[in-house]
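Visitor: Please read through the structure below; I'll follow up with questions.
The following block contains the structure:
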């Protein structure tokens with residue numbers, strides 16, 4: 003999965019991006 007804000011690759015189930023801090027919403 004990817005952060006929609008910065009494009010950082012995130013682990014599955016991440017709640018927020020550890021790179022830019024954006025909250026991740028799971029659809």
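Residue numbers (my numbering): 3 to 29. Built from N, CA and C at the ideal position, the CB exists for glycine as well. Quick caveat: nothing in here was measured; it's all calculated off a predicted structure.
Please return the same chain residues whose Cβ sits closer than 8 Å to the Cβ of residue 22, not counting the five positions on each side in sequence.
Guide: Excluding residues within five positions, the ones whose Cβ falls inside 8 Å are 5, 7, 8, 10.
Visitor: Taking only three categories from DSSP, how would you classify residue 17?
Guide: Reduced to three states, the DSSP call for residue 17 is coil.
Visitor: Looking only at its own chain, which residues have a Cβ that is under 6 Å from the Cβ of residue 16, when we skip the five neighbours before and after it?
Guide: Cβ neighbours of residue 16 beyond the five flanking positions: 26.
Visitor: Distance check for residue 12 and residue 24, CA to CA, integer angstroms please.
Guide: Answer to the nearest angstrom: the Cα atoms are 11 Å apart.
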